[in-house]
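Trainee: The sequence shown maps to residues 1306 to 1884 in the numbering used here.
Cβ atoms here follow ideal geometry from the backbone N, Cα and C, with glycine treated the same way.
These figures come from a predicted structure and were not determined experimentally.
Take this structure, written in structure tokens, and hold onto it; I'll ask about it next.
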Amino acid sequence: MASISMSERKSKLTKKPAPKEVCNCVIVLFKFLYRIPAAFLFLFLIYLWSSSTTIISGNIVHICVSSRKLNDHYCLSAGKTKPNFEIPIPIINNSSIYLQTPNQRLNLPLSLLRTLHQDNGSISPESTVNGEMVMKETVEAVHDEADPVLMRNGENKDREEDIANAKKEVEEQLRLHRSWKSENKQAGCEGRGVYVYDLPSKFNKDLVGQCRDMVPWMDFCKYFKNEALGEPIPKLGNGWYQTHQYSLEPIFHQMVLKHPCRIYNENEAKLFYVPFYGGLDILRWHFKNVSNDVKDALSLELITWLEKQKPWAKNSGKDHVIVLGKVSWDFRRKDGSWGTRLLEIDQMENPIKLLIERQPWQPNDIGIPHPTYFHPHSDDDIMAWQWKIISSYRKRLVSFAGAARPGAAESIRSILIKQCNSSAHNGNQCHFLDCSSGGCDQPESVIELFMESEFCLQPPGDSPTRKSLFDSLISGCIPVLFDPFTAYYQYPWHLPEDHEKYSVFVDQEEVRQVKVNVVEMLTKISKKERDDMRRYIVYELLPGLVYGDSTANLEKFQDAFSIIMSNLMERVTKMDSTA
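What follows is the structure in structure tokens.
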């Protein structure tokens, strides 16, 4: 290493040409700014502030600037790329792992832990578990620590038994949910009235009114046109709209308001609908630096309001239902910063929660379909679409519309994309539509791809479920699933228990270990098997997977909404008979 003498140091310290030049520059800049009128400068600063969003995530500060000419937002970030945390020590019991994080002690069912571990896409770079942000490395560390412990003879049950127990618990809940399915599709409204609470507008309409500021880089208002169905898509035919995946709350609200069994006397009602747009409440704070108290304020106000209502007090909310347009985890924050605590509030335990993704170990969480782009008005709309997709020429064997998870090179998505792209030399075996580059922004592109494909790959994304699953089903494309939590443990009212009728299952661990090439495996399924599955999807499932418009006149079919309402009525009727 070279040394520097004291004389050399003094020599270097006495030279100050650079600071002098800096001072001159500062003086010139000050004189320039001084000549700018204060009002103009003030307006410029306001414009800059209004065009940017500050997001604080852990120890990272993001300054995001949006532009009307751009479809995406651009961010400058400062801070640590990963928060400092201690490697947690797992405590194993028969069916779960207690994970100690910096903020709280999480109780993770083993199957959920493995679901998170097996698909890095679910936890890149962070995942919300019981409301807590858990880093990918944390889950992997816990998984690595847990497995040796689980395998010790005489100390714990083996991992297969743990997974079986967790699945058994979920399956028991699904059997209970299926027992509420109504067999009488023509049941009238006598003794089955539904009362719609007239909530203060801050719980619903005012949230929609904040659409311009809800997402920093886009105007969300276009998705709330046509009673939240969005703008029409003439290219796809009657009943097609640019519906956003988080629009279910206002869509469902409009349909309940026009339901034939709606009554206006709360004393005559059997079912009580609470039209709170909890998902939009989360979304409006998602990109803003606010405290947890602010995020939870509206949820707590809702509870206060409900407790003043006589019907709520009568049955402690057991005959009440709330529809939430985001996944269950978003409403189950404990001590982290993600989402709200709505479903962790004690008073929310009894009501039925209808969600696009349920928490598998919560008996009153029921999964209902994500809203698709298709909202038929009549039986003819459904039959015309059924004929179109059953007769569609399917020139591709497989397709995948999605994106890899950056920084997760070993994730199942990256492997599937590689397998798909490597099959390109065999003609039209597999086509990958990259959503990260805007390829999925237009609904027509996605639906048309699915209509010309035999199979659609549906790996988990940020959570196990995917809206794309329902887009593929209504396009007649047979979904290929890799995680039972994507569909099999989610939608007991809309999908059959025998999942082989409508899907193909591939264990994601086999994909990860490259024990199977999914594209090659699918080539071995005969044309007769494919056609039989597609006919079942199109003629048996499709009508019940879509939400009609609010004035839909369906006589031959039950849409997703009709199925939900019939089963809710059946549930409260059985509840009365056992009281």
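So, at 8 Å on beta carbons, what are the nonlocal neighbours of residue 1755 in its own chain, with the 5 sequence-adjacent residues on each side left out?
Mentor: 1704, 1706, 1761, 1776, 1777, 1780, 1781, 1782.
Trainee: Since residue 1719 is in the beta strand (DSSP E), which residue starts that stretch and which ends it?
Mentor: Segment 1717-1727 is the alpha helix (DSSP H) holding residue 1719; no beta strand (DSSP E) there.
Trainee: Between the C-alpha atoms of residue 1835 and residue 1509, what's the straight-line distance to the nearest angstrom?
Mentor: Cα-Cα distance, rounded: 44 Å.
Trainee: Report all residues from its chain with a CB closer than 7 Å to the CB of residue 1691; omit the five preceding and five following residues, and keep chain order.
Mentor: Answer for residue 1691: 1843, 1844, 1847, listed in chain order.
Trainee: Whose C-beta lies closer than 6 Å to the C-beta of residue 1804 among residues of the same chain, with five residues either side of it excluded?
Mentor: So the list reads 1793, once near-sequence residues are dropped.
Trainee: Grab the span of the beta strand (DSSP E) containing residue 1497 for me, first residue to last.
Mentor: Residue 1497 -> no beta strand (DSSP E), and no H or E assigned at all.
Trainee: Find out if the Cβ-Cβ distance for the pair residue 1752, residue 1534 is shorter than 9 Å.
Mentor: No. Outside cutoff.
Trainee: Which residue wins for smallest C-alpha separation from residue 1601, given the options 1630, 1562, 1644?
Mentor: Of the candidates 1630, 1562, 1644, the one whose C-alpha sits nearest the C-alpha of residue 1601 is 1644.
Trainee: Excluding the 5 residues preceding and the 5 following residue 1867 in the sequence, name in chain order all residues of the same chain whose CB lies nearer than 6 Å to its CB.
Mentor: So no residue of the chain qualifies.
Trainee: Starting from residue 1483, trace the beta strand (DSSP E) in both directions and tell me its first and last residue.
Mentor: From DSSP, residue 1483 is part of no beta strand (DSSP E) but of the alpha helix (DSSP H) over 1464-1483.
Trainee: Reducing DSSP to helix, strand and coil, say where residue 1879 ends up.
Mentor: Residue 1879: helix per DSSP, three-state reduction.
Trainee: Return helix, strand or coil for residue 1545, following the three-state DSSP convention.
Mentor: Residue 1545: strand per DSSP, three-state reduction.
Trainee: For chain D, is any of its Cβ atoms less than 9 Å away from the one on residue 1549?
Mentor: Annotation note: the requested chain D is absent from the structure, which comprises a single protein chain.
Trainee: Leaving out five residues on either side along the sequence, give the residues of the same chain with a beta carbon under 6 Å from the beta carbon of residue 1333.
Mentor: In this prediction, residue 1333 scores a pLDDT of 46, lower than 50, which makes its location untrustworthy; no coordinate-derived value is stated.
Trainee: Residues in its own chain within less than 7 Å of residue 1869 by CB, not counting five upstream and five downstream?
Mentor: Counting only Cβ-Cβ distances below 7 Å, and skipping sequence neighbours, we find 1659, 1673, 1798.
Trainee: Assess, as a yes-or-no matter, whether the segment 1817-1824 is touched by the segment 1708-1728 under the definition of 3 or more beta carbon pairs within less than 8 Å.
Mentor: With a cut-off of 8 Å, the segment 1817-1824 and the segment 1708-1728 count as touching, because enough Cβ pairs lie within range.
Trainee: Distance, Cα to Cα, residue 1773 vs residue 1467?
Mentor: The alpha-carbon atoms of residue 1773 and residue 1467 are separated by roughly 30 Å.
Trainee: With burial defined as no fewer than 16 other Cβ atoms inside 10 Å of the residue's Cβ, what is the status of residue 1570: buried or exposed?
Mentor: Exposed: under 16 other Cβ atoms inside 10 Å.
Trainee: Can you tell me where the beta strand (DSSP E) holding residue 1785 begins and where it ends?
Mentor: Looking at the DSSP string, the run of the beta strand (DSSP E) that includes residue 1785 is 1783-1786.
Trainee: Starting from residue 1274, follow the alpha helix (DSSP H) in both directions and report where the run begins and ends.
Mentor: This structure gives no information on residue 1274, because the portion of the chain shown stretches from 1306 to 1884.
Trainee: Taking one C-beta from the segment 1589-1601 and one from the segment 1613-1628 each time, how about it: are there three or more such pairs within less than 8 Å?
Mentor: Verdict: no, contact absent.
Trainee: Does the segment 1671-1689 come within contact of the segment 1544-1553, defined as at least 3 CB pairs closer than 8 Å?
Mentor: Yes, they touch.
Trainee: Looking at residue 1512 and residue 1585, is the spacing between their C-beta atoms short of 9 Å?
Mentor: Yes, Cβ-Cβ distance for residue 1585 and residue 1512 is below 9 Å.
Trainee: Taking residue 1697 as the reference, which of 1789, 1840, 1505, 1667 has the closest Cα?
Mentor: Looking at the Cα atoms, 1840 is the closest of the given residues.
Trainee: Would DSSP call residue 1745 helix, strand or coil?
Mentor: In this structure, residue 1745 counts as coil in the three-state DSSP scheme.
Trainee: By Cβ distance, which residues of its chain are closer than 8 Å to residue 1618, with the 5 residues on each side in sequence left out?
Mentor: Counting only Cβ-Cβ distances below 8 Å, and skipping sequence neighbours, we find 1612.
Trainee: Considering only DSSP beta bridges, list what residue 1763 is partnered with.
Mentor: BP columns for residue 1763 point to 1786.
Trainee: In the DSSP assignment, the beta strand (DSSP E) including residue 1738 goes from what residue to what residue?
Mentor: Here the beta strand (DSSP E) through residue 1738 covers 1735-1739.
Trainee: Quick check on residue 1620: does DSSP put it in helix, strand or coil?
Mentor: Looking at residue 1620 - three-state DSSP - the assignment turns out to be helix.
Trainee: Can you give the beta carbon distance from residue 1685 to residue 1862, rounded, assuming they're within the 8 Å contact cut?
Mentor: Residue 1685 to residue 1862, Cβ: 11 Å. No contact.
Trainee: Excluding sequence positions up to five away, which residues of its chain have a Cβ less than 7 Å from the Cβ of residue 1763?
Mentor: Cβ within range, chain order: 1771, 1773, 1774, 1777, 1784, 1785, 1786, 1791.
Trainee: When you compare each of 1880, 1478, 1638 to residue 1671 by their alpha carbons, which one comes out closest?
Mentor: Minimum Cα distance to residue 1671 is reached at 1478.
Trainee: Quick one, which of 1471, 1720, 1562 has its alpha-carbon nearest residue 1503's?
Mentor: Of the listed residues, the one whose Cα sits closest to residue 1503 is 1562.
Trainee: Going by DSSP in three states, residue 1678 sits in which element: helix, strand or coil?
Mentor: Of the three classes helix, strand and coil, the one that applies to residue 1678 here is coil, per DSSP.
Trainee: Please report the Cβ distance between residue 1788 and residue 1813, rounded to the nearest whole angstrom; I am assuming they are in contact, meaning their Cβ atoms lie under 8 Å.
Mentor: Yes, they are in contact, since the Cβ atoms of residue 1788 and residue 1813 sit about 6 Å apart, within 8 Å.
Trainee: Leaving aside the five residues before and after residue 1530 along the sequence, list all residues of the same chain whose C-beta is less than 7 Å from its C-beta, in chain order.
Mentor: Excluding residues within five positions, the ones whose Cβ falls inside 7 Å are 1536.
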